[in-house]
Structures are given as C-alpha cells and as structure tokens.
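Numbering (full-length UniProt numbering), first residue to last: 1 to 346.
Using N, Cα and C, we set each Cβ at its ideal position, and we do this for glycine too.
Worksheet: the structure to be examined is printed underneath.
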C-alpha cells in the first residue's frame, strides 16, 4: 500500500472538481468531478483508502462554509481549508478553470507551501455567529425601513418639528397621531409604519437573547473580561468572540488594528515587511464597524462611570488595570489629534 496522496478540491454548490497526486510524482494521477453530496464524497474517500493509507485534502474557503471540512475530518481525512488570500498567485496566471484550480491546490499542498489558515469554529459557535449576523442584517433592514417611512412622509410634505429628535418617544407619538384623508395613502403609511414597529420589537427580542447567551457558558467569563473595556457591552463582546474566534495569534493592539483592516493599506504593507510574515486582512466589515464604534466611546474621559465600575466588579485586577490603561491611552490620543483635525478643516 502506498503512503501519501494529496488531493486538491475546487468546491461548488453542486459539484467538486478533484485532482490528486503522490509525494514522489510530479504528474497528476487523476482528475475527476463528483457530485457535492455525502454519498459521493464517502465513496471517493473509500476508494482512495484502498490504495493510500494517508490522505491530505485541501480546498478554498467559499460560500459552502464548513460542512465539507467537518465531514472529511469525520472520515479520518487530513483536511485544510484555505483563505483565498493565502493561495500564491502569479501575475502571468490569467486562465482560471475548475480543473486548473484543483491541480494547483494539490501541487501546493504536496510542496507544503500552504498551511492551516485559522482555527475553525465548532458548530455551536458558528450557530451563535450566524445569529449575531442575522441580528446585524435586521438592524440594517430597520434602518432602511425607517428611511422609507420618512421619505414617504417628506413626499407628502409632512415634516417633523425641528425641536423633535427622530425615533424618540415624542417622535413615535407624532407618528401615531398622523392620519390621511385618502384611504390608499393611509394604508401605505400603515404598511411602512408597521414594518418599522415589528422590526424594532424583533431587534429587542434578539438583543435579549444575545444577552442570555453571553451570560451562559462557555461565554460568561470571556464576555465579563471584555466588558471591562469602555465601549464594549454584551453585543460587541459576542461579536468579537465569534468573529475573531481565536485570540492566540493576536499579540498586541497594533496587530488587531492591522489584522482587522482598520488601517490604511500602506501601514499594513509596512507591518508585513517589519514582521517578515504574510498576514491576510480580516474581511469582516461588521468587526471593523464594531471596533470603530467602541473606539469612539473614548472621546470623553469616562472616569468614575457607575456602569463601568459595576461591570468591573469581580473581575481580575490585571484585566481592570489594562482596561483603564487602554481607556486613558485612547482618550489621550483623541485629545492630541483634535487640534490637528481643526487645522485641516480651516
């Protein structure tokens, strides 16, 4: 029985293009296409196990997620899931087909020019992450529906008083008292308004559920530590835990800043040169938005805040000290940058 075989996979919704080769051969042994279902995958792996006792598979991460990765692991196959940015590409390589991609992955894996990209979430963590993303989508939908409602009223020359703020108690009271003489216009208004109210209730229910998840195991301790920092509450803490997933590679704040793409491309390239390592920027817009929103909370000193003091009670002294140090540093940085911004605006 031969020892090792390296399998490159180009995965799609319905099909998987496969190419595999051995460690002592430069030529591709075989290329084939199978259907993307467990029966066909199991049949293919079983056939490989009859000839080789060690199987290494890899495929490029995409919209299909982690199910294939987990299934191959359950069959006893060494599988690597690659981020697209981790795959070396030549400028002259302009032709891109399923077959060529599968062959390329198999050859790269055999030469060990690729490695494990990150720690993959377990199914429970992935479920929580999907719930958080669903909540974020609902927030965006709510914002759009609020815009549609107010633009509809503006087209009818119905304007809110300048002294009243949007989406406050007085604003809702004003909306509740609106009536149209035209029956169709009234139904249109009711439809827009009901969407806003329903989505607001759903958002509150989801926030309550997220808080319950954050206060349960295995998130309770980590969420408690993150909430010691200003600008971080249950929602932000859960987003950080579920989107980053593995904090071990993160060495310091500068690494987070550059890793999460909250810096310019020039700074990122300088960081790569300095560390002599290839990092892939984390393409998670939600994480960038949440980190930016949390940082803006440090515009003010925030000393003696009762809410922050209550969050920090019962937490390790080292964590509290680091959180206070970070708060003072960010506020000082913001205060020093303010005069420069004023000069630029003049």
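Nearest to residue 177 by alpha-carbon distance, out of 199, 10, 286, 158, is 158. Sixteen is the threshold: when 16 or more other Cβ atoms of the shown chains lie within 10 Å of the Cβ of residue 17, as they do, the residue is buried. The beta strand (DSSP E) runs lying completely inside the region 101-140 and spanning 3 residues or more number zero.
Annotated three-state conformation of residue 59 is strand, per DSSP. For a cut-off of 8 Å, the C-beta gap from residue 81 to residue 102 is around 15 Å, too long to register as a contact. In this structure, the straight-line span from the alpha carbon of residue 44 to that of residue 20 is close to 12 Å. Apart from sequence neighbours up to five positions away, the residues of its chain that approach residue 32 with a beta-carbon distance below 7 Å are 18, ordered along the chain. Rounded to the nearest whole angstrom, the C-alpha separation of residue 238 and residue 40 is 37 Å. Under the three-state reduction of DSSP, residue 328 is assigned to helix. In this structure, DSSP gives residue 53 an extended state, which the three-state scheme calls strand. Each residue's CA atom was taken as its position, placing residue 200 and residue 192 some 13 Å apart. Classified as buried, residue 56 has 16 or more neighbouring CB atoms from the shown chains inside 10 Å of its CB. Here residue 31 is bridged, per DSSP, to 19.
Ranked by Cα distance from residue 169, the first of 197, 64, 111 is 197.
Around residue 78, the same chain offers 54, 55, 56, 57 as residues with beta carbons nearer than 8 Å, after the five sequence neighbours per side are excluded. The beta carbon of residue 290 lies closer than 6 Å to those of 236, 239 in the same chain, with the five residues before and after it left out. Note on geometry: alpha-carbon atoms of residue 107 and residue 36 lie some 22 Å from one another. Rounded to the nearest angstrom, the gap between the Cα atoms of residue 146 and residue 224 is 34 Å.
Within the region 173-219, the alpha helix (DSSP H) runs of at least 4 residues that lie entirely inside it are, in chain order, 183-214. When beta bridges are read from the DSSP output, residue 233 appears opposite no residue. Rounded to the nearest angstrom, the Cβ distance from residue 6 to residue 109 is 5 Å, consistent with a contact under 8 Å. Put simply, the backbone Cα of residue 304 is about 48 Å away from that of residue 156.
Less than 7 Å separates the beta-carbon of residue 234 from that of residue 214. The continuous beta strand (DSSP E) containing residue 81 extends over residues 78-82.
Closest by C-alpha distance to residue 29, out of 42, 15, 11, 52, is 52. Taking the C-beta atoms as reference points, residue 232 is found nearer than 7 Å to residue 226. About 5 Å separates the beta carbon of residue 230 from that of residue 327, a gap short enough to meet the 8 Å contact definition. In the DSSP assignment, the residues bridged to residue 6 are 21, 56. Residue 105 places its beta carbon less than 7 Å from that of residue 8. Burial check for residue 189: the Cβ neighbour count within 10 Å reaches 16 or more, so the residue is buried. By the CB criterion at 7 Å, residue 59 and residue 11 fall inside the cutoff.
It is roughly 27 Å from the alpha-carbon of residue 95 to the alpha-carbon of residue 69.
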